[in-house]
Each structure stands twice: as C-alpha cells, then as structure tokens.
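Residue numbers (the numbering used here): 163 to 237. Please read the structure below before turning to the comments.
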C-alpha cells in the first residue's frame with residue numbers, strides 16, 4: 163500500500179509507473195463508492211465519436227430556431 167498526500171486544491175499526484183502501468187495517460191474516470199474513490203482509465207474517443215452526437219446540418223431538429231437570426235452567428 164502506498165500513501166499519497168493531497169496537494170493544494172485536493173490534487174493527487176500518482177506515481178509515474180502507476181500511470182503507465184494502468185494506462186491513465188489519456189485521462190481517468192473517478193467514481194465515488196461506499197469503500198472510497200475508484201479511479202479508472204477513461205475510454206478514449208476520436209473526433210468522429212465526439213461529432214457523431216452533434217446535430218447534423220439539414221437533419222430534422224426539435225429545436226425552435228424561430229428567434230435565431232444571422233446576427234446570432236459568431237464568426
């Protein structure tokens with residue numbers, strides 16, 4: 163068992179060998195459990211995965227766009 167101190171802002175600095183061994187380089191998912199905190203590697207997503215959930219141009223939408231004008235667009 164290894165004891166780690168909480169840093170300022172409640173950050174935890176994991177040993178580099180743990181990060182590499184557990185595959186935590188790309189990010190983590192933190193889950194609160196009855197026994198404490200569970201830290202797991204996060205699933206990596208490609209840009210295609212991210213944009214697959216976005217609205218497609220020309221697709222039917224349930225959004226009410228009646229009050230949107232060209233002045234609302236940011237360039």
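Virtual Cβ for every residue (Gly too), placed ideally from N, Cα, C.
Non-local C-beta neighbours of residue 181 in its own chain, meaning closer than 8 Å and more than five positions away in sequence, comprise 187, ordered along the chain.
Restricted to the segment 181-222, the alpha helix (DSSP H) segments that are unbroken, complete and at least 4 residues in length are 209-213, listed in chain order.
Rounded to the nearest angstrom, the Cβ distance from residue 175 to residue 166 is 7 Å, consistent with a contact under 8 Å. Per DSSP, the beta bridge partners of residue 168 are 174.
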